[in-house]
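What follows is a short report on a single structure.
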Amino acid sequence: MQKHHQYLDQEKEKCVYAMTARRRAIERIGLPQVREYRLVQLAQEEKTWNEQIQQMAEVVPELVPLLLIRVES
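For the sequence shown, the working numbering assigns the number 227 to the initial residue and increments by one for each residue that follows.
What follows is the structure, given as structure tokens:
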């Protein structure tokens with residue numbers, strides 16, 4: 227469980243760093259309309275990524291039966 231949380235934290239850090247770098251690059255290059263379009267796309271990607279991380283953070287136990295018994299009368 228702890229390893230999973232560490233993995234998620236690392237993924238969050240990597241994404242924040244990548245998104246920040248991409249945002250800086252977008253803000254420096256291109257026409258204003260193109261920049262706005264790309265920033266909107268980036269915001270949508272961030273939203274999608276955050277939703278995926280939230281889904282990964284939900285812990286759902288895996289239930290595996292150890293023994294199956296059939297009772298007949």
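No residue lacks a Cβ here, since even glycine has one placed at the ideal position from N, Cα and C.
Can you tell which of the options has the C-alpha that lies nearest to the C-alpha of residue i?
i    : options                   : result
E271 : V285, E288, V260 and C241 : C241
V266 : N276, I252 and E277       : I252
A244 : P291, W275 and V290       : W275
H230 : E284, G256 and Y263       : E284
To the nearest whole angstrom, what separates the beta carbons of residue i and residue j, a pair I think is in contact under 8 Å?
i    : j    : result
E237 : I295 : Not really, about 42 Å apart at Cβ, beyond 8 Å.
R249 : L268 : 6 Å
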